[in-house]
Amino acid sequence: MAHAVESKTKSNPANALRDALTQAERQLVQLNGDNAEEYLVRLDQIEQMFDQLDGGDLDLRPERVRWQSLIARLSSQPGPLASAAAKAGGLPKLRAKHPPAESFWWHVDAEVARRRLNTARRLVISLVMLVVVFGGGYWLLNTLFPPNPDAVRMLGVNSDIDPLLMTGQWEDALAIIKDAQADLPNEAELYLWEVVITTQLGRADQADQALARARELLPDRTPELWVQLGNFYLQIGDVANATAAGAEASALAP
């Protein structure tokens, strides 16, 4: 009789759902490379159980509250699952192994990367603003709004390269910059853009030469130069180089 009751309990879909939820809740605080794949699959299974049981006579409100709470925890803190999955070969590999892998827990790596990028951007922007307040404001104001005819040319250059930078068309953007340098050989901003673009192209020597030229044009404004360079890197999403430029500016104007 006891065996019959136990078998009936295990075959009950609602009990299976509750057991799966309990396992998922417990395992959430013990994620590692050995159980990450199993955990992701279990989440898929729980989601499928809810889909199968919806519309039936069972009152699943308590289980749904538990599920929503679990999802909220994963959403607010995706790092542990992403880290565990990375130790299990990485989420791209696991997604390929378990298609279609459409639920958000299969993509927590992208969410972690997005949050890190946003954090880095906020840090760089804060650093840039700090340096600007302590000495770069005047130079930036005159660079962005210079009261001379060259401003029109520079506005046109920036307008032309913006869509190219957004789509990674570095060679085309560089051609525009080099053409503008012929007309405005003393415009430091053009050489800073050359630094940024040639860095993306892997041309370190050319980037160094362009940076040296920009520093020649602004011999007394090196901190402001690094601020502007960091801002340009930030515009194209190169957070690593933007952070490095911000650090250079901060070191020169503590």
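Counting from 728, one number per residue, gives the positions in the sequence shown under my numbering.
No residue lacks a Cβ here, since even glycine has one placed at the ideal position from N, Cα and C.
- prompt: Using CA coordinates, which residue listed in 805, 972 and 906 is at the minimum distance from residue 959?
  reply: 972
- request: Reducing DSSP to helix, strand and coil, say where residue 804 ends up.
  value: coil
- prompt: Looking only at its own chain, which residues have a Cβ that is under 6 Å from the Cβ of residue 888, when we skip the five neighbours before and after it?
  reply: 900 and 903
- prompt: Which first and last residues belong to the alpha helix (DSSP H) in which residue 882 is found?
  reply: 877-893
- prompt: How should residue 957 be labelled, buried or exposed, when 16 other C-beta atoms within 10 angstroms of its C-beta is the threshold for buried?
  reply: buried
field: Where residue 830 sits in the DSSP three-state scheme
entry: coil
message: One question on the structure: do residue 949 and residue 919 come within less than 8 Å of each other, judged by their Cβ atoms?
response: no
message: Quick check on the burial criterion: 16 or more other C-beta atoms within 10 angstroms. Buried or exposed for residue 749?
response: exposed
field: residue 757 (DSSP reduced to helix, strand or coil)
entry: helix
query: In its own chain, which residues sit with a C-beta less than 7 Å from the C-beta of residue 967, not counting the 5 before and 5 after it?
result: none
message: Distance check for residue 811 and residue 763, CA to CA, integer angstroms please.
response: 6 Å
task: Determine the extent of the alpha helix (DSSP H) in which residue 904 is found, giving its start and end residues.
output: 897-910
Residue 945 - DSSP class collapsed to helix/strand/coil: coil
Pairwise C-alpha distance: residue 814 and residue 832: 16 Å
query: Would the stretch 798-807 and the stretch 821-835 be scored as touching if the rule is three or more Cβ pairs under 8 Å?
result: yes
- prompt: Does the beta carbon of residue 780 come closer than 8 Å to any beta carbon on chain C?
  reply: The chain labelled as chain C is not found in the depicted structure, where only one protein chain is given.
query: Who are the Cβ neighbours of residue 839 in its own chain at under 7 Å, not counting the five residues just before and after it?
result: 805, 806 and 809
- request: Can you give me the start and stop residues for the alpha helix (DSSP H) that residue 921 sits inside?
  value: 915-927
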